[in-house]
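Residue numbers (our numbering), protein chains in the order written: chain A, 1331 to 1447; chain B, 6 to 121.
Beta carbons: idealized from backbone N, C-alpha and C, even for Gly.
Working notes, beginning with the structure itself.
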Amino acid sequence: AQKITQTQPGMFVQEKEAVTLDCTYDTSDPSYGLFWYKQPSSGEMIFLIYQGSYDQQNATEGRYSLNFQKARKSANLVISASQLGDSAMYFCAMREMISGSARQLTFGSGTQLTVLP
Amino acid sequence: DTGVSQDPRHKITKRGQNVTFRCDPISEHNRLYWYRQTLGQGPEFLTYFQNEAQLEKSRLLSDRFSAERPKGSFSTLEIQRTEQGDSAMYLCASSPKDRQGYSPLHFGNGTRLTVT
């Protein structure tokens, strides 16, 4: 089974509008971390936001927020007030805890976001 | 700049040749990861080190691949007898030892390998 599922290969949003990028995950561990990364066409992976499985509140970082619904195992990224520079590939990822140590990041297949002027 | 550094940025090689990539992590990070990313896909885990110890290897890491981190600082990834299927972006990342919660991985800009 896929650990991380991103069902939107591509998304379009009008500049200054908000957009939600979907992510569902699969784990039986009670302790895990969820991450979103941005990858522009230049190739670098840029860390955006983190949500811990025990965090009570949804994470926010500037224009980014994470809509964490633990029972549904979803961790959607919300970008408010989209900018042209937000056009990029966005990856959802998860780290699980194995034997008291955090494992590597497991990535989804990504969503290509295009912001339209 | 104290980010993760990878060298070279691009490598073109002929099938059957050996290639080696280098990664310099953020200096205070004791964990180092290698990932492979093919076009249009998410990065796939290859291997990771805590200090000089290689703690986990993916089944993707065939016996033609070897990674080292001899002094717990920089790391090298070598691919022997390259095949066209090895063409990909090879990403290195580092993170500090997790205390509470999960530290994000900080990625380098990658080495793009093209096998002709």
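Residue i, buried or exposed, once every other Cβ within 10 Å from all chains shown has been counted against 16
{"i": "His15 of chain B", "result": "exposed"}
{"i": "Ala1418 of chain A", "result": "buried"}
{"i": "Gly1363 of chain A", "result": "buried"}
{"i": "Pro1339 of chain A", "result": "exposed"}
{"i": "Asn1360 of chain A", "result": "The question names Asn, but residue 1360 of chain A is Pro in the sequence shown. Its Cβ having fewer than 16 others within 10 Å, Pro1360 of chain A is exposed."}
{"i": "Leu60 of chain B", "result": "exposed"}
{"i": "Thr116 of chain B", "result": "buried"}
Chain-ordered neighbours of residue i on chain A, where CB pairs are closer than 8 Å
{"i": "Phe50 of chain B", "result": "Gln1434, Leu1435 and Thr1436"}
{"i": "Gly77 of chain B", "result": "Result: empty, since nearest Cβ-Cβ is about 17 Å, beyond 8 Å."}
{"i": "Phe26 of chain B", "result": "Near Phe26 of chain B there are no residues of chain A at all, since even the closest Cβ is about 15 Å away, more than 8 Å."}
{"i": "His96 of chain B", "result": "What sits at residue 96 of chain B in the sequence shown is Leu, not His. Those are Met1375, listed as they occur along chain A."}
{"i": "Glu61 of chain B", "result": "Arg1433 and Gln1434"}
Partner residues on chain B for residue i, Cβ-Cβ distance less than 7 Å
{"i": "Phe1365 of chain A", "result": "Pro109"}
Residues bridged to residue i [DSSP beta-bridge criterion]
{"i": "Lys62 of chain B", "result": "B:Thr52"}
{"i": "Met1341 of chain A", "result": "A:Leu1443"}
{"i": "Asp17 of chain B", "result": "Here the sequence assigns Ile to residue 17 of chain B, which means Asp is not the residue at that position. Per DSSP, B:Thr119."}
{"i": "Gly1382 of chain A", "result": "A:Gly1363"}
{"i": "Phe79 of chain B", "result": "Phe79 of chain B pairs with nothing; no bridge assigned."}
{"i": "Asn35 of chain B", "result": "Answer is none; Asn35 of chain B lacks a bridge partner."}
{"i": "Asn1397 of chain A", "result": "A:Asn1406"}
{"i": "Ala1418 of chain A", "result": "A:Leu1443"}
Presumed contact (8 Å Cβ cut-off) between residue i and residue j, rounded CB distance
{"i": "Leu1414 of chain A", "j": "Phe1342 of chain A", "result": "Going by Cβ atoms, the distance from Leu1414 of chain A to Phe1342 of chain A rounds to 13 Å, so no, they are not a contact pair."}
{"i": "Cys1353 of chain A", "j": "Gly1438 of chain A", "result": "6 Å"}
{"i": "Leu1443 of chain A", "j": "Tyr1420 of chain A", "result": "6 Å"}
{"i": "Glu83 of chain B", "j": "Ser71 of chain B", "result": "5 Å"}
{"i": "Tyr107 of chain B", "j": "Gly1382 of chain A", "result": "7 Å"}
Beta-carbon spacing of residue i, residue j below 8 Å
{"i": "Phe26 of chain B", "j": "Thr81 of chain B", "result": "yes"}
{"i": "Ser63 of chain B", "j": "Phe50 of chain B", "result": "yes"}
{"i": "Leu66 of chain B", "j": "Ala93 of chain B", "result": "no"}
{"i": "Met1424 of chain A", "j": "Tyr1355 of chain A", "result": "yes"}
{"i": "Val120 of chain B", "j": "Arg20 of chain B", "result": "yes"}
{"i": "Asn35 of chain B", "j": "Lys76 of chain B", "result": "no"}
{"i": "Val24 of chain B", "j": "Phe112 of chain B", "result": "no"}
Beta-carbon neighbours of residue i, restricted to chain A and to distances below 9 Å
{"i": "Tyr53 of chain B", "result": "Arg1433 and Gln1434"}
{"i": "Gly115 of chain B", "result": "Gly1373, Glu1374 and Met1375"}
Heavy atom of the ligand COA within 7 Å of residue i beta-carbon
{"i": "Tyr1380 of chain A", "result": "Ligands displayed in this structure: none; no statement on the ligand COA is therefore possible."}
Interface residues of chain B facing residue i [CB-CB closer than 9 Å]
{"i": "Gly1440 of chain A", "result": "Gly45, Gln46 and Gly47"}
{"i": "Phe1421 of chain A", "result": "Gly47 and Pro48"}
Partners in chain A for residue i, counting only beta-carbon separations shorter than 7 Å
{"i": "Glu73 of chain B", "result": "Simply none; closest approach about 18 Å."}
{"i": "Phe112 of chain B", "result": "Glu1374 and Met1375"}
Chain B residues whose Cβ lies nearer than 8 Å to that of residue i
{"i": "Arg1425 of chain A", "result": "Tyr107"}
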